[in-house]
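Engineer: Before I ask anything, let me first share the structure, which is written out below as structure tokens.
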Amino acid sequence: MTAPVSITRYAPFLLDTAQGLASVATHLSRRDAGNTRAAIVSSPPWLAAGLESALSIALKGNSTLARQELDGLLARGLLMLEEAERRLGAPPGSTSVEADGTRTLASLLEPARRALDGASLVRERRPALEDVVRGTGERLTAALLAKLLGARGVPSLEVDAADWTVTEGEPGQARVNREHTRARVATLRPSWEGRLTLHAGGRGTALDGRSTTLGVEGADETAAVLSVLLGTPLTLWTDVPGVMTADPLHVADARPVPHLSYTEALELVYLGLPTLHPRALSTLRDADIPLRVRHLQQPDEPGTLIDVHGAGNGTVPTCVVSLEDLALLGLEGGTEEAARPVGPRALQALEAAGIDAWMAAQSSPGRSVAVVLRRAHAARAEEVLRRELAPELERGALQPPQVRAPVTQVALVAEAMGQGANVAGRLFQPLGALGVNVRAIAQTASARSISFIVDGAETALTVRTVHAAFHFSHEEVSLLVLGHGVVGSQLLEQLRTLQETLAQGHGIQLNLVGLADSRRVLFSPEGIPLKQWRERIEAVPEGASPPVVRALLEPLRRLPVPVLVDCTAASGMEELYLEAFRSGIHVVAANKKPLTQPLEVWERLRSTAHLNHRAYHYETTVGAGLPVIQTLKDLVRTGDRVHGVEGSFSGTLGYLSQQLMEGVPLSKAVRTAREKGFTEPHPREDLAGTDAARKALILAREQGLNLSMEDVEVEPFVPREYLEEADVERFLTGLEKLDRTFTSRIEGLRAEGKVLRYLARIDPAAKDGPVLRVGPVAVPKEHPATRLRGSEAFVAFSTERYADYPLLVQGAGAGGPVTAAGVLADILKIAQNLRGR
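Start counting at 1 in the sequence shown, then tack on 155, and there's your number in the working numbering.
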């Protein structure tokens, strides 16, 4: 064969439907017409299963029913062929089935009919008979595809791989005899020149002329052997863009690995990620023949190249593999009497019973063992071990076998992962942070992979977390945002403008999956476009309620890194937070109210978040975008003692104080502050000092002071009787009555050389116990608070280390943009912690 040869293998499931059959025919019609091409096909799942069913029926002695089963398979194949032709444009009445009937295809099944008759007589499995029945499916598949191509005017030559594949060994265990096969191929290859040949793969002929098959997925070996003999690369066409970095069902942005070595590919196959059968991969590897895995519907994409050399960077993990629906069976010594190692005995007993162990991990010196196997085999495996280890179980030397199911085996694979440091740390640290319990771990001496077991319910979370931790993709964060008022709308706008920067510069993909207000709820697991959030939420019918929002926690928890973001000032949110923590959801809140509930509520929030390994970030509850809480936490954690805290915790009241000192009437200053978004929805919350009191209480509790709102001494900014008005507009109008009073007061302060500020003071070591006071204060001009302008806030920490010069945190303390930025910073902390940054 002098012209270049193209050899392709089509994954069996591609031919499992009429649509798939049509797609493969279309693919073959378009590619390299006129060149020498060999396409290796095999029975699709429906046909392989049907032939096994017919064989099982025959083994029970019912040859008539077995033949009927075979006829049913032929009828189904003909219907698929007819439908495939119509999908490709054949008009009614003109399909090859209608024109040619079933004569040609039916003749292909005659050997299977005779074999089924023989099986019904002997009523026992004979590998020679089984090979004949199974091999029939490969020929029927090639014939169906050839007819479909012929109907499209594409000539092809059907080739039975048994005509050139010579095997040795017993039926059912046949292996390719390379020398004799090479001679057969050399004889036949001139007849393939310039043609499209369809090879019924997996079939062979023994030296004595008997029909054989190459076993499970034998067509893979057919393709590999032909590629080796012709010295031509092999292409595997499948339904994914290559060998993926993770299961796309679990990781939306899983992508194809550009380049793999054969050792990596074999490791992946053994761990449950199929490409070709291991024998086929080994055949290609030994001959240094490349394999490329590509997507049938994306023929121009490069897919994954597999060769001897690989990408050449063994420190970079290849992908994350997950094998689901497994069981973890554990055995453990009950007393010191169990000196005889149980691990090897358990594995030998399972192997003798024909039960495959996907993974095994044992303690030294084998006194306990954890075995991972198919969930369907768990009950029989437990029975086998109870029988094998009965003496030890009876005398208490061993504890009874423990079965946990379903579990999932997850593996991280790289060519030479042992060459890089801290791979295991990067693997398990983010899982621990999320509270994922790793049940068993195993690593081979080659350090090519690390495998571990998690509960089945944690599969998607585990795969996504590992995939993100090794930078295979962006770290996806799923946000359910409550409230889109001043802070919430600013947060959504910042997400929109920064989304691309965060993805490209930091590897973080923030997805808005839910949005709710007091009347409406919008949820979309696929994501809500940030450019359209307002239109989308306004299009939702009203009728939201706390139970409706609570119902969203279940779908939210199943998404990558779920975060509940509370941008409201609503009461009663603590119960929602607690349920979120228990559901595995992080919470970021600008809402102060849950943190200022009775002390037991505060403690329950923190402990529940901790026990469930979930983050609870609330930096903006005190200083908007200022790092006030984090600064205090760092002081306390590092052993510093706080002697006192003083500050203008309310940027709103700081702004009002500054406006009054500049001569602006109180009523006008409050209206302006509300218009700028500096106040709570109802300004009386600010003027009552309640907002500042809550912030002071949060800081006091962060110091370890067991205080409640009742312990805070609060003097409002305005007389209490003015705070009783619930209507916002009437409240603002009523403040006009105080304009003259405040003007007079400010004039008096100026005369004394003092400045009005609204301050909170925390004295943790007062004589009669901790003191927390909030109220308007006249301070001298040299006081740090006099430097504040606009909505600036400041906090001064006097500590053992900062005794002479208090530690000051100062900056904008109110306003939608800075508060939203603080909320966003808290969200990013979660993502960055998971990425190990």
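Ideal Cβ placement from N, Cα and C applies to all residues, glycine included.
1) Unbroken beta strand (DSSP E) runs of length 3 or more, entirely within the region 264-349: which are they?
2) When you compare each of I212, A306 and D286 to S184 by their alpha carbons, which one comes out closest?
3) Spell out a yes or no on whether the region 793-807 and the region 895-909 are touching, meaning 3 or more CB-CB pairs, one atom from each, closer than 8 Å.
4) Taking the straight line between their C-alpha atoms, what separation do you get for E902 and H772?
5) Going by the CB atoms, is the gap between V926 and Y1004 shorter than 9 Å?
6) Quick one: residues in its chain with C-beta nearer than 6 Å to the C-beta of I195, no 5 flanking neighbours on either side, listed in chain order?
7) Let me check one thing: in DSSP terms, what residues is Y771 bridge-paired to?
8) With three or more C-beta pairs closer than 8 Å as the rule, is the region 532-545 touching the region 432-448?
9) Mark A254 as exposed unless 16 or more other C-beta atoms lie within 10 angstroms of its C-beta, in which case mark it buried.
10) With a 10 Å radius around its C-beta and 16 neighbouring C-beta atoms as the bar for buried, classify T259 as buried or exposed.
11) So L228 packs on L202, CB below 8 Å; how close in whole Å?
12) Taking all protein chains shown into account, do 16 or more other C-beta atoms lie within 10 angstroms of the C-beta of N592, making it buried, or fewer, making it exposed?
13) Based on the DSSP output, what are the partners of N666 in its beta bridges?
14) Quick one: which unbroken alpha helix (DSSP H) runs of 4-plus residues sit fully inside the region 531-618? Chain order, please.
15) To which residues of the same chain is L707 closer than 8 Å at the C-beta, ignoring the five residues directly before and after it?
16) Rounded to a whole number of angstroms, what is the C-alpha to C-alpha distance between V578 and L567?
17) Suppose contacts are defined by Cβ-Cβ distances below 9 Å. Is V331 in contact with V380 by that definition?
18) Just curious, the beta strand (DSSP E) that V448 is in, first and last residue?
19) Identify the residues that DSSP records as bridge partners of A515: which are they?
20) Under the three-state reduction of DSSP, which class applies to G244: helix, strand or coil?
21) In whole angstroms, what is the alpha-carbon distance linking E207 and I444?
22) Taking 7 Å as the limit between beta carbons, can you name the residues of its chain near T834, skipping five residues before and five after?
23) Between the C-alpha atoms of L781 and V642, what's the straight-line distance to the nearest angstrom?
24) Between A597 and the rest of its own chain, which residues show a CB-CB distance below 6 Å, the 5 nearest in sequence each way excluded?
25) At what residues does the beta strand (DSSP E) containing P143 begin and finish?
26) Between L733 and L754, which are expected to be in contact by the criterion C-beta below 8 Å, what is the C-beta distance as a whole number of angstroms?
27) For a quick check, are the C-beta atoms of P266 and T291 less than 9 Å apart?
28) Using the three-state DSSP reduction, which class does Q687 fall into: helix, strand or coil?
29) Which of the three DSSP states is assigned to V395 in this structure?
30) What is the rounded straight-line gap between the Cα of A512 and the Cα of D795?
31) Can you tell me which of the three DSSP states Q965 falls into?
32) Does V704 pass the burial test, meaning 16 or more other C-beta atoms within 10 Å, or should it be called exposed?
33) R522: which of Q452, G498 and R530 sits nearest, CA to CA?
34) Taking 6 Å as the limit between beta carbons, can you name the residues of its chain near V783, skipping five residues before and five after?
35) DSSP beta-bridge partners for A204?
36) Report yes or no: do the region 887-894 and the region 819-826 share at least 3 C-beta pairs separated by less than 8 Å?
Structural biologist: Short version:
1) 312-315 and 321-323
2) Counting from 1 along the sequence shown, the entry for residue 184 is found at position 29. It is A306 whose Cα lies nearest to the Cα of S184.
3) no
4) Residue numbering aside, residue 902 sits at position 747 when the sequence shown is read from its first letter. Residue numbering aside, residue 772 sits at position 617 when the sequence shown is read from its first letter. For E902 and H772, the distance between alpha carbons rounds to 43 Å.
5) As displayed, the chain neither begins before 156 nor continues past 992, which places residue 1004 out of reach and without an answer.
6) By one-based count along the sequence shown, residue 195 stands at place 40. Within the same chain, I195 has close Cβ partners R164, H354, G356, A374, T377 and A378.
7) For this step, residue 771 is matched to residue 616 along the sequence shown. According to DSSP, Y771 bridges with V742.
8) no
9) Start at 1 with the first residue of the sequence shown, and residue 254 comes out as number 99. Here A254 scores only 49 on pLDDT, less than 50, and its place in the model should not be relied on; the value that follows carries that caveat. Exposed is the call here.
10) Sequence index remark: in the sequence shown, residue 259 carries index 104 (1-based). Exposed, since its Cβ has fewer than 16 Cβ neighbours within 10 Å.
11) On the sequence shown, residue 228 is found 73 positions in, with the first residue counted as 1. On the sequence shown, residue 202 is found 47 positions in, with the first residue counted as 1. The beta-carbon distance between L228 and L202, rounded to whole angstroms, is 6 Å. This is short enough to meet the 8 Å contact definition.
12) Along the sequence shown, read from residue 1 onward, the residue named residue 592 stands at position 437. N592 counts as exposed, since fewer than 16 other C-beta atoms from the protein chains shown sit within 10 angstroms of its C-beta.
13) Position 511 of the sequence shown, counting from 1, holds the residue named residue 666. DSSP lists S633 as partners of N666.
14) Runs found: 533-543, 545-549 and 578-588.
15) Reading the sequence shown from its first residue, position 552 is the one you call residue 707. If we look at L707 and ignore the five residues flanking it on each side, its Cβ neighbours are L635, G669, A671, V676 and F678.
16) Counted from its first residue, the sequence shown places residue 578 at position 423. Counted from its first residue, the sequence shown places residue 567 at position 412. So the two alpha carbons sit approximately 10 Å from each other.
17) Residue 331 sits at position 176 when you count from the first residue of the sequence shown. Residue 380 sits at position 225 when you count from the first residue of the sequence shown. The answer is yes: Cβ separation under 9 Å.
18) Residue numbering aside, residue 448 sits at position 293 when the sequence shown is read from its first letter. Start and end: L446 to H450.
19) Position 360 of the sequence shown, counted from the start, is the residue given in the question as residue 515. Partner residues in the beta bridge of A515, as assigned by DSSP, are V526.
20) Walking along the sequence shown from the start, residue 244 turns up at place 89. Coil, per DSSP.
21) The residue given as residue 207 occupies position 52 in the sequence shown. The residue given as residue 444 occupies position 289 in the sequence shown. Near 34 Å, if we compare the C-alpha coordinates of I444 and E207.
22) Stepping through the sequence shown from its first residue, residue 834 is reached at position 679. Around T834: T807, A828 and D841.
23) In the sequence shown, residue 781 corresponds to position 626, counting from 1. In the sequence shown, residue 642 corresponds to position 487, counting from 1. Distance between the alpha carbons of L781 and V642: 15 Å.
24) Start at 1 with the first residue of the sequence shown, and residue 597 comes out as number 442. Closer than 6 Å at the Cβ level, and outside the excluded window around A597, lie M514, A516 and S606.
25) Given a span of 156 to 992 for the chain in the structure shown, any question on residue 143 remains unanswerable.
26) Along the sequence shown, read from residue 1 onward, the residue named residue 733 stands at position 578. Along the sequence shown, read from residue 1 onward, the residue named residue 754 stands at position 599. No, L733 and L754 are not in contact; Cβ-Cβ is about 15 Å, not under 8 Å.
27) On the sequence shown, position 111 is the one that residue 266 refers to. On the sequence shown, position 136 is the one that residue 291 refers to. Their beta carbons are under 9 Å apart, which means P266 touches T291 by this criterion.
28) To locate residue 687, count along the sequence shown from 1; it is residue 532. Here Q687 sits in coil by DSSP.
29) Taking the first residue of the sequence shown as 1, we reach residue 395 at position 240. In the structure shown, V395 sits in coil (DSSP, three-state: anything other than H, G, I, E or B).
30) By 1-based counting over the sequence shown, the position of residue 512 is 357. By 1-based counting over the sequence shown, the position of residue 795 is 640. Here the alpha carbon of A512 sits roughly 54 Å from the alpha carbon of D795.
31) Taking the first residue of the sequence shown as 1, we reach residue 965 at position 810. In this structure, Q965 counts as strand in the three-state DSSP scheme.
32) For the purposes of this step, residue 704 is taken as the residue at position 549 of the sequence shown. Answer is buried; the Cβ neighbour count reaches 16.
33) Against the sequence shown, residue 522 aligns to sequence position 367. Ranking Q452, G498 and R530 by Cα distance to R522 puts G498 first.
34) As a position in the sequence shown, residue 783 is number 628, starting the count at 1. Cβ within range, chain order: V777, V950 and V964.
35) Within the sequence shown, residue 204 is the residue found at index 49, counting from 1. Paired residue(s): none; A204 is not in a bridge.
36) yes
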